[in-house]
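In our numbering, the protein residues as written are -13 to 253.
Pasting the structure below:
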């Protein structure tokens, strides 16, 4: 609902001398949008001793899970002078929302840092996915490097599944932050993708995003080592409906992107 409180773990407010809840401009914009479902921010998470990340979704308070055979590689690291959800080494690892929290339609607005390996290496980088019963369901955002023979030097979104047709945009430069919007309308079958406030690239699909009680949204990839690699995610705002279906939603997403670009120093 609009105006919902965004939770920062460990912060208690409301009493005399209570800690102030730190909501930046992007948080304030997102909190006023009616379809806001989840917020995950590296700045509110903690790297565990021995590996892994602890923290909660700032919108719902849901406990985030470390998944994959190399879950201990998950960590909070400084990338481009800003905190990011990343990995200490390559491996199958993801920071996951609980099962049952994925929605058929969605809009994901995400600040991503492009590492050199993600840009120039041989493996793909999976930023955001839906995983159903330990199987990939939807590729929400994925990067192919300069040397990949398929989708060379592109970031793509597959909408409600993991195959073609796709929406794609050219990759940002290595060593930089960018702001990605991946939007899927399960009613119309339209997947849309934009980088740094640029024009939306779209594709129309016939498949549905068949989420169920065993489906979760993951940052990174728990099934293979094609996870975050040397890249990272700073903030994720996830909405439970396509935001491009209305002029209001599209305008508010533009405002959110502008705020994140300012926050992450994106030109």
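Quick reminder that beta carbons are idealized off the backbone N, C-alpha and C, glycines included.
On the three-state DSSP scale, how would you describe residue i?
{"i": "residue 243", "result": "helix"}
{"i": "residue 210", "result": "coil"}
{"i": "residue 152", "result": "coil"}
{"i": "residue 32", "result": "strand"}
{"i": "residue 17", "result": "helix"}
Does residue i pass the burial test, meaning 16 or more other C-beta atoms within 10 Å, or should it be called exposed?
{"i": "residue 149", "result": "exposed"}
{"i": "residue 99", "result": "buried"}
{"i": "residue 277", "result": "This structure gives no information on residue 277, because the portion of the chain shown stretches from -13 to 253."}
{"i": "residue 173", "result": "exposed"}
{"i": "residue 180", "result": "buried"}
{"i": "residue 227", "result": "buried"}
{"i": "residue 41", "result": "buried"}
{"i": "residue 234", "result": "exposed"}
Excluding the 5 residues flanking residue i on each side, which residues of the same chain have their C-beta closer than 6 Å to its C-beta?
{"i": "residue 86", "result": "199"}
{"i": "residue 111", "result": "104, 129, 215, 217"}
{"i": "residue 222", "result": "26, 96"}
Rounded to the nearest angstrom, how far is the Cβ of residue i from that of residue j, given a contact under 8 Å?
{"i": "residue 80", "j": "residue 121", "result": "Not a contact, Cβ separation roughly 13 Å."}
{"i": "residue 138", "j": "residue 132", "result": "7 Å"}
{"i": "residue 231", "j": "residue 88", "result": "So it is not a contact: roughly 19 Å between Cβ atoms."}
{"i": "residue 102", "j": "residue 161", "result": "7 Å"}
Leaving out the 5 sequence neighbours to the left and right, which residues in its chain are closer than 8 Å to residue i when beta-carbon positions are compared?
{"i": "residue 147", "result": "123, 124, 125, 191, 193, 195"}
{"i": "residue 62", "result": "28, 31, 32, 33, 39, 69, 70, 71, 72"}
{"i": "residue 211", "result": "56, 76, 77, 78, 109"}
{"i": "residue 183", "result": "165, 240, 243, 244, 247"}
Is any beta-carbon of chain B found at less than 8 Å from that of residue i?
{"i": "residue 96", "result": "Note that chain B does not occur in the displayed structure, where there is just one protein chain."}
In its own chain, which residues sit with a C-beta less than 7 Å from the C-beta of residue i, not counting the 5 before and 5 after it?
{"i": "residue 251", "result": "163"}
Please give the ranges of any beta strand (DSSP E) in the region 52 to 113, keeping only runs that are unbroken, at least 3 residues long and fully inside the region. 60 to 65, 68 to 73, 79 to 82, 92 to 100
Of all the alpha helix (DSSP H) runs that stay within the bounds of the region 110 to 145, which reach a length of 4 or more residues? none
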